[in-house]
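Here the protein sequences line up with chains A and B, keeping their order.
When you line the first sequence up against my numbering, it's residues 2 to 112, in that order.
When you line the second sequence up against my numbering, it's residues 100 to 213, in that order.
Heads up, the beta-carbon is just placed ideally off N, CA and C, and yes, glycines get one too.
These numbers come from a predicted model, not from an experiment.
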Amino acid sequence: GENVEQHPSTLSVQEGDSAVIKCTYSDSASNYFPWYKQELGKRPQLIIDIRSNVGEKKDQRIAVTLNKTAKHFSLHITETQPEDSAVYFCAAGGAGNKLTFGGGTRVLVKP
Amino acid sequence: EAGVAQSPRYKIIEKRQSVAFWCNPISGHATLYWYQQILGQGPKLLIQFQNNGVVDDSQLPKDRFSAERLKGVDSTLKIQPAKLEDSAVYLCASSLVGRGEGQFFGPGTRLTVL
Numbered sequence: 002g003e004n005v006e007q008h009p010s011t012l013s014v015q016e017g018d019s020a021v022i023k024c025t026y027s028d029s030a031s032n033y034f035p036w037y038k039q040e041l042g043k044r045p046q047l048i049i050d051i052r053s054n055v056g057e058k059k060d061q062r063i064a065v066t067l068n069k070t071a072k073h074f075s076l077h078i079t080e081t082q083p084e085d086s087a088v089y090f091c092a093a094g095g096a097g098n099k100l101t102f103g104g105g106t107r108v109l110v111k112p
Numbered sequence: 100e101a102g103v104a105q106s107p108r109y110k111i112i113e114k115r116q117s118v119a120f121w122c123n124p125i126s127g128h129a130t131l132y133w134y135q136q137i138l139g140q141g142p143k144l145l146i147q148f149q150n151n152g153v154v155d156d157s158q159l160p161k162d163r164f165s166a167e168r169l170k171g172v173d174s175t176l177k178i179q180p181a182k183l184e185d186s187a188v189y190l191c192a193s194s195l196v197g198r199g200e201g202q203f204f205g206p207g208t209r210l211t212v213l
């Protein structure tokens with residue numbers, strides 16, 4: 002089955018700096034890659050997603066890039082703000098139409 | 100648009116007891132998912148329904164876990180008997196199309212097994 006590795010597990014950045022989270026996946030049939038943000042004690046919320054026919058997608062301060070050949074994708078957050086502090090999960094949609102999640106990255110934005 | 104609803108929000112039980120969780124998906128969402136999220140880990144899919152049929156239950160511990168989705172809307176997840184390692188947050192999600200895309204999560208049920 003699909004296996005998703007996510008790095009780093011924790012990330013501390015200064016407010017205003019950029020944050021980058023990287024994920025690799027194993028199943029070349031995966032074609033859908035969402036990112037979720039989960040604040041403490043709350044539900045995961047979809048923040049951005051990308052499909053395999055697109056290499057990059059942006060939405061305001063967040064962007065996702067996908068390299069299908071290398072089987073990795075990344076989340077970029079620019080001009081980080083304290084409200085960006087949360088746990089971020091990547092996921093890959095593989096064969097069978099289910100999502101496999103990475104282990105999560107705890108992001109702390111220091112004011 | 101109302102979101103995914105789950106109840107109860109919290110549950111504490113003794114090991115070997117049984118417990119049930121309820122989920123009401125977003126109206127019109129044909130696909131419903133149950134995930135288990137152990138503290139510090141990403142959600143793990145337990146079972147996926149398309150309408151009232153099971154699409155994937157390969158990671159559901161069928162000796163103790165069961166789930167149903169009657170009439171293709173609400174769903175219940177049951178654990179009987181519970182073990183200590185079942186302590187986790189149980190998340191329900193739903194999506195409009197059956198391709199895993201655009202999944203929206205409920206608030207979850209935090210289960211503690213003592």
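Measure from the C-beta of residue i to each C-beta in chain A and report whether the shortest distance is under 8 Å.
{"i": "B:G141", "result": "yes"}
{"i": "B:L138", "result": "no"}
{"i": "B:G152", "result": "no"}
{"i": "B:Q135", "result": "no"}
{"i": "B:Q202", "result": "yes"}
{"i": "B:Q155", "result": "It is worth fixing the name first, because residue 155 of chain B is Asp in this sequence and not Gln. Chain A, which has a Cβ nearer than 8 Å to the Cβ of B:D155, makes this yes."}
{"i": "B:L190", "result": "yes"}
{"i": "B:L144", "result": "yes"}
{"i": "B:P107", "result": "no"}
{"i": "B:G205", "result": "yes"}
{"i": "B:Q179", "result": "no"}
{"i": "B:Q147", "result": "yes"}
My understanding is that residue i touches residue j, with C-beta atoms under 8 Å, so please give their C-beta distance in whole angstroms.
{"i": "A:Y89", "j": "A:G105", "result": "7 Å"}
{"i": "B:T130", "j": "B:S174", "result": "About 11 Å separates the two Cβ atoms, so there is no contact after all."}
{"i": "B:P124", "j": "B:Y134", "result": "Their Cβ separation, rounded to whole angstroms, is 13 Å, which puts B:P124 and B:Y134 out of contact at 8 Å."}
{"i": "A:A92", "j": "A:L100", "result": "4 Å"}
{"i": "B:P180", "j": "B:R168", "result": "Wrong, their Cβ atoms sit about 23 Å apart, outside the cutoff."}
{"i": "B:T211", "j": "B:Q105", "result": "At roughly 16 Å, the Cβ-Cβ gap does not stay under 8 Å, so B:T211 and B:Q105 are not in contact."}
{"i": "B:G127", "j": "B:L195", "result": "7 Å"}
{"i": "A:E16", "j": "A:Q82", "result": "6 Å"}
{"i": "A:Y37", "j": "A:G94", "result": "Contact doesn't hold; Cβ gap of about 13 Å is too wide."}
{"i": "B:K177", "j": "B:A119", "result": "5 Å"}
{"i": "A:V108", "j": "A:D85", "result": "6 Å"}
{"i": "A:T25", "j": "A:H77", "result": "A:T25 to A:H77, Cβ: 16 Å. No contact."}
{"i": "A:I22", "j": "A:Q7", "result": "7 Å"}
So with Cβ pairs under 8 Å, would you call residue i a contact of chain B?
{"i": "A:G17", "result": "no"}
{"i": "A:Y33", "result": "yes"}
{"i": "A:K58", "result": "no"}
{"i": "A:K23", "result": "no"}
{"i": "A:F102", "result": "yes"}
{"i": "A:P9", "result": "no"}
{"i": "A:L47", "result": "yes"}
{"i": "A:K72", "result": "no"}
{"i": "A:K69", "result": "no"}
{"i": "A:K99", "result": "yes"}
{"i": "A:R62", "result": "no"}
Would residue i be called buried (16 or more neighbouring beta carbons within 10 Å of its own) or exposed?
{"i": "A:S13", "result": "exposed"}
{"i": "B:G244", "result": "Coverage of chain B is limited to positions 100 through 213, which leaves residue 244 of chain B absent and any answer about it impossible."}
{"i": "A:A30", "result": "exposed"}
{"i": "A:D18", "result": "exposed"}
{"i": "B:A166", "result": "buried"}
{"i": "A:A20", "result": "buried"}
{"i": "B:L213", "result": "exposed"}
{"i": "B:R115", "result": "exposed"}
{"i": "B:A187", "result": "buried"}
{"i": "A:P112", "result": "exposed"}
{"i": "A:P45", "result": "buried"}
{"i": "A:P115", "result": "The question about residue 115 of chain A has no answer here: the residues shown for chain A are numbered 2 through 112."}
Tell me the start and end of each unbroken beta strand (DSSP E) in the stretch 38–98 of chain A that is at least 3 residues and wholly inside, in chain order.
Listed in chain order, the complete beta strand (DSSP E) runs (minimum 3 residues) inside the stretch 38–98 of chain A are 46–52, 57–60, 63–68, 73–78, 87–94.
Are at least three pairs of beta-carbons, each pair with one atom in the stretch 51–71 of chain A and one in the stretch 103–117 of chain B, less than 8 Å apart?
With the cut-off at 8 Å, the stretch 51–71 of chain A and the stretch 103–117 of chain B do not touch.
Would you check if the stretch 31–50 of chain A and the stretch 63–78 of chain A touch, i.e. whether three or more CB-CB distances between them fall below 8 Å?
Counting Cβ pairs under 8 Å, three or more are found: they touch.
Going along the chain, which unbroken runs of the beta strand (DSSP E) with 3 or more residues stay wholly within the stretch 164–201 of chain B?
At a cut-off of 3 residues, the continuous stretches assigned as beta strand (DSSP E) that sit fully inside the stretch 164–201 of chain B are 164–167, 174–178, 187–194.
Enumerate, from N- to C-terminal direction, the unbroken beta strand (DSSP E) stretches of 3 or more residues contained entirely within the stretch 2–34 of chain A.
The qualifying runs are 5–8, 11–15, 20–26.
Count the C-beta pairs between the stretch 144–157 of chain B and the stretch 200–210 of chain B that are closer than 8 Å, then say yes if the count reaches three, no if not.
In short, these stretches do not touch, since the Cβ pair count stays below three.
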